[in-house]
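Peer 1: Take this structure first; my questions come after.
2 protein chains.
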Amino acid sequence: MVFPIEGSHWINMDILLQALHSRGHAITILRCSKSWYIKDNNSYYNTITVQVEKAFDQKFITKIITETIEYERGSLPLIHFLHLTFGMFGTFVEAHETVGAFVSAMLDDQELMRNLKDSKFDLVLTDPCWGGGIILAKYLNLPLVFNVRWLIAGEGHLAVAPSPISYIPITGSGNTDKMSFFQRVKNMILHLITQIQKHLVVKLIYQKICDKYLGPDNDFDLLMLNADIWLMRVDFVFEYPRPTMPNVVYIGGFQCKPAKPLPQHLEEFVQSSGEHGVIIMSLGTFVSELPADMANEIAAAFAKLPQKVIWRYKGDRPATLGNNTLLVDWMPQNDLLGHPKIKLFVAHGGTNGVQEAIYHGVPVVGLPLFFDQYDNLLRLKERGGAKLLTVNTVDKDNNFLNAIEEVLTEPSYRMNMQRLSRLHRDQPMKPLDTALFWIEFVMRHKGAAHLRTESYKLPWYSYHSVDVVLFLAGVALLM
Amino acid sequence: MVFPIEGSHWINMDILLQALHSRGHAITILRCSKSWYIKDNNSYYNTITVQVEKAFDQKFITKIITETIEYERGSLPLIHFLHLTFGMFGTFVEAHETVGAFVSAMLDDQELMRNLKDSKFDLVLTDPCWGGGIILAKYLNLPLVFNVRWLIAGEGHLAVAPSPISYIPITGSGNTDKMSFFQRVKNMILHLITQIQKHLVVKLIYQKICDKYLGPDNDFDLLMLNADIWLMRVDFVFEYPRPTMPNVVYIGGFQCKPAKPLPQHLEEFVQSSGEHGVIIMSLGTFVSELPADMANEIAAAFAKLPQKVIWRYKGDRPATLGNNTLLVDWMPQNDLLGHPKIKLFVAHGGTNGVQEAIYHGVPVVGLPLFFDQYDNLLRLKERGGAKLLTVNTVDKDNNFLNAIEEVLTEPSYRMNMQRLSRLHRDQPMKPLDTALFWIEFVMRHKGAAHLRTESYKLPWYSYHSVDVVLFLAGVALLM
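Same order as they appear, the protein sequences are chains U and F. Whatever position you read off the first sequence (first residue = 1), add 9 for my numbering. Whatever position you read off the second sequence (first residue = 1), add 9 for my numbering.
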């Protein structure tokens, strides 16, 4: 049984579900009636649809995107930070409230819940960025597998493994794993804010549902930490090394695969680039257009290049667009990245695109917009594989053109991405196969309790041995 | 290049070396002229022999064994503990001094060192329970791979990964991963003692060698933490789950393999047991005999059983020995454990034997003597697969006979061991293949720096964010 999330998270989950289906598993998906991405019954899964009034959809994302770009371009960094942290918290809570209403409607439907109980599922697979799957697994008393990078707020890693904030950069901090004192201060402040946000959302929404439907003494955070396996959508070619746990399995890049041949018209366009090669640009699923002045600046920069350009862009045709640039509504991104003529990828820094760039070893000029995109791209920049721009400077002083020319002419960018590609591909098992192995492991053994510590059930003062240290200090003083 | 350790550690390393040889790698071993286990040139490795006066040998082990059994049988637990902790520290330092002398002799031989530098090895493989390989890797500037469970003192895990002492039992504490308050106090005290012992041995021996041969600013502990890959000789079927790091690879049970047919005389003896089956007993490589009264008690207990018994024992034939018991000098332990007629394994709790018992799913009666043996067996007992005896009570009140009869008649022991066996065997890749993959990974990429945090280079107050918390508290107070 799968309790998925909308948007780009669903795109990832879908790949896993198709692979599970091809191994003969029967899949049932819980979706709400206003689901944005998750279609009704499909050839490889069944759906159970719960009627809701409102759902997480384009409206929330558009609001976030528009406001973020506006603030990023028009404000001081501090104002931008305050807006991100506090101004958007309302939108964030509102989005989780739609999830809460969906989960409550589901648990209220007693016939549905009886059917689910009778169906004897092997496990619940969920993305814990929303809390619904966690509550459902407990209600049905089923093993729980996460397809995870983010929790309700903050990274999954920070909750499941010991995570010294001194060298683990908090998303949004713009820090790497090597920080100055004041970077560490900023990291700590952001960590505390994220934890408070998570605590508030859990308290306002998910804990109430636990109390109502699961009975007393079901702490939502403990239910979350009780998951059998965390399939973590990173690997340590992309992510900075950090402590981990035995039940965390790294599947970063599981969506990557060798390039297929391009459609004929694209192949012809690519070949027409001659020795100069091709640049591709995409700002992801959600961002299909940009403010007109920014689009014009980008188009003008592309027009000055000898390369051909394929640009995924749905907005009005920029006035400055050159003959070398092809605007497309959609492009086979993975197949293009794997094409030998592709010299450069202008990317927004979503996880999928960054992983595909690593897999194919293509250097990147990054134009991050929101969420984890800056931090994702920072990881490539740190390894010498990308150059980063910001929304508020991309259209000034030829920044965009200069960045592209630097990455095209300086060979180290490509060499570094090729090195990351070699490291990423040199694994004992393909990440998708690893994910399938561990999902099936949980089915075979009805969980993976032997890989999970129960340390999170200790009170914090015992976990950190504060009581023991005070006791020993007391004895020493007495003596 | 391999810098191995003597005794049972060598037996483990040797299995890895044979596998490396069979994959076409050339292996050179550094040994001392008085080496106890490590033979001169062999069909699958070359040796370089360094002349020494004294070496770690049977003498040290015999001293440890004799004193331990004597103290365990004759003293109060506190005296026994004090003896183990302080009384034997001299023997421990003396053993490491022989290693230090060996390493110094090696580094003093300038022609040898020049040859080693010219030989362009791909990596140094060592067991960091002795410090020689770590220093050698730095001297030759080579990538470093550990085949590890123990460091100079204490477990490798405790040094490389964040290890809350509140739920990670210290070896020798007799604790599990769930402890009462006073068990946690004991755990903390033992942890501190172990750390002090380690610090003293490093300071007295290995740091001096670093200062003399590697030049200033080469901290031995940092050189150790700089290893590329830690091949850890446990897995989480045997070991309690705990935090880990990306460059720690679990190879527990890599020495296990399916049983081969028994020699004819043993097969006939085993088959003669009929439906009752066979018990096997071994106290490991080092302990070939026991005090006469204890041996008599054990033999008398065996004589009362309907089972046949194969007992690896080199001491005088006990007077009470029954017709059903076969004394042998050596036995094919793995092949016997994999034989369907074997009902029970009386073991001392060395890692090899415990892993083989898990692999073949055979229940255990444990008679631990020293080192990690009690703690190893405790892990089986906790999972319901073993019954534990102690040296000071084994010969009283029919304890031995009762334990054997309980494990033979109560089916849960075998069922639990079979469950552990299923979990252990259900891995994406065989542990030996995993070890080979990561050794070759380090060869292919000249290290694995991307999997290693550099967090250990932070001062402790920064690592734990003490400075940041004090700063933020100061700011809050000022405001």
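Every residue gets a Cβ at the ideal spot worked out from N, C-alpha and C, and that includes glycine.
Is U/Phe111 helix, strand or coil when you go by DSSP?
Peer 2: helix
Peer 1: So which residues on chain F does U/Ala170 lean against when the C-beta distance must stay under 7 Å?
Peer 2: Pro252
Peer 1: Which two residues bound the contiguous alpha helix (DSSP H) that contains U/Arg32?
Peer 2: Looking at the DSSP string, U/Arg32 is not in any alpha helix (DSSP H), and its letter there is neither H nor E.
Peer 1: Quick one: which chain F residues come within Cβ less than 8 Å of U/Thr294?
Peer 2: Correct list: empty, because the minimum Cβ distance to chain F is about 29 Å.
Peer 1: Would you mind stating whether U/Leu160 and U/Val133 have Cβ atoms separated by less than 8 Å?
Peer 2: no
Peer 1: According to DSSP, is F/Ile448 helix, strand or coil?
Peer 2: helix
Peer 1: Express the C-alpha separation of U/Ile413 and U/Val157 in angstroms, rounding to a whole number.
Peer 2: 33 Å
Peer 1: Taking only the alpha-carbon atoms, compute the straight-line gap between U/Arg321 and U/Gln436 and give it to the nearest angstrom.
Peer 2: Distance between the alpha carbons of U/Arg321 and U/Gln436 is about 32 Å.
Peer 1: Quick one: list the residues of chain U neighbouring F/Ser197, beta-carbon separation under 8 Å, in chain order.
Peer 2: First, the residue type needs correcting, since residue 197 of chain F is Met and not Ser in the sequence shown. The answer, in chain order, is Ser474, Val477, Val478 and Leu481.
Peer 1: Please classify F/Arg392: does DSSP put it in a helix, a strand, or coil?
Peer 2: coil
Peer 1: Run the CB neighbour count on U/Gly324, radius 10 Å, all protein chains shown included, and call it buried at 16 or more, exposed below.
Peer 2: exposed
Peer 1: Pull up the DSSP beta-bridge partners for U/Ser5, would you.
Peer 2: Because chain U spans 10 through 488 in this model, residue 5 of chain U falls outside it and cannot be assessed.
Peer 1: With C-beta atoms as the reference, is U/Met303 less than 8 Å away from U/Asp406?
Peer 2: no
Peer 1: How would you label F/Asp338, buried or exposed, when you count the other beta carbons within 10 angstroms and need 16 or more for buried?
Peer 2: Taking every protein chain shown into account, the CB of F/Asp338 has fewer than 16 other CB atoms within 10 angstroms, so this residue is exposed.
Peer 1: Could you tell me which chain F residues have their CB closer than 7 Å to the CB of U/Leu432, listed as they occur along the chain?
Peer 2: His454 and His459
Peer 1: Based on the DSSP output, what are the partners of U/Arg321 in its beta bridges?
Peer 2: U/Val337
Peer 1: Quick one: Cα of F/Ser52 to Cα of U/Ala366, how far?
Peer 2: Taking C-alpha positions only, F/Ser52 is separated from U/Ala366 by approximately 46 Å.
Peer 1: Interface residues of chain U around F/Met438 at Cβ under 8 Å?
Peer 2: The answer, in chain order, is Pro437 and Met438.
Peer 1: Hey, U/His18 and U/Tyr54 are a contact pair by Cβ (cut 8 Å); roughly how many whole angstroms apart?
Peer 2: Their Cβ separation, rounded to whole angstroms, is 16 Å, which puts U/His18 and U/Tyr54 out of contact at 8 Å.
Peer 1: Let me know if F/Leu91 comes out buried or exposed under the rule of 16 or more other beta-carbons within 10 Å of its beta-carbon.
Peer 2: exposed
Peer 1: List, in chain order, every chain F residue whose beta-carbon is nearer than 8 Å to that of U/Ser182.
Peer 2: Neighbours of U/Ser182 on chain F: none; closest Cβ ~13 Å, over 8 Å.
Peer 1: Would you please verify whether the beta carbon of U/Ile202 is less than 8 Å from any beta carbon of chain F?
Peer 2: It does not; no Cβ of chain F falls within 8 Å.
Peer 1: Just the C-alpha distance for F/Cys166 and F/Asn256, rounded to the nearest angstrom, thanks.
Peer 2: The question names Cys, but residue 166 of chain F in the sequence shown is His. In this structure, the alpha-carbon of F/His166 lies about 11 Å from that of F/Asn256.
Peer 1: Assign U/Pro327 to buried or exposed, taking buried as 16 or more other Cβ atoms, counted over all protein chains shown, within 10 Å of its Cβ.
Peer 2: buried
Peer 1: Looking at the strands, I want to know which residues DSSP matches up with U/Gly331.
Peer 2: U/Gly331 pairs with nothing; no bridge assigned.
Peer 1: So, is the C-beta of F/Tyr215 closer than 8 Å to a C-beta in chain U?
Peer 2: Taking Cβ atoms only, chain U never reaches closer than 8 Å to F/Tyr215, which makes this a no.
Peer 1: For F/Phe450, which residues in chain U fall below 8 Å Cβ to Cβ?
Peer 2: Asp435
Peer 1: Across which residues does DSSP place U/Tyr259 in a beta bridge pair?
Peer 2: U/Met241
Peer 1: Do the CB positions of F/Ala28 and F/Ser44 come within less than 8 Å of each other?
Peer 2: no
Peer 1: At which residues does the beta strand (DSSP E) containing U/Asn156 begin and terminate?
Peer 2: Leu153 to Val157
Peer 1: Hey, does U/Val194 have any beta-carbon neighbour from chain F nearer than 8 Å?
Peer 2: yes
Peer 1: Select from the region 258-286 of chain U all residues with a C-beta closer than 7 Å to any C-beta belonging to chain F, and list them in chain order.
Peer 2: none
Peer 1: If you draw a straight line from the alpha carbon of F/His348 to that of F/Ala268, how long is it in whole angstroms?
Peer 2: 7 Å
Peer 1: My output table needs one value for F/Ile289: the three-state DSSP class, helix, strand or coil.
Peer 2: strand
Peer 1: Does the beta carbon of U/Ile174 come closer than 8 Å to any beta carbon on chain F?
Peer 2: yes
Peer 1: Between which two residues does the alpha helix (DSSP H) harbouring F/Ile144 extend?
Peer 2: Element bounds for F/Ile144: Gly141 to Leu149.
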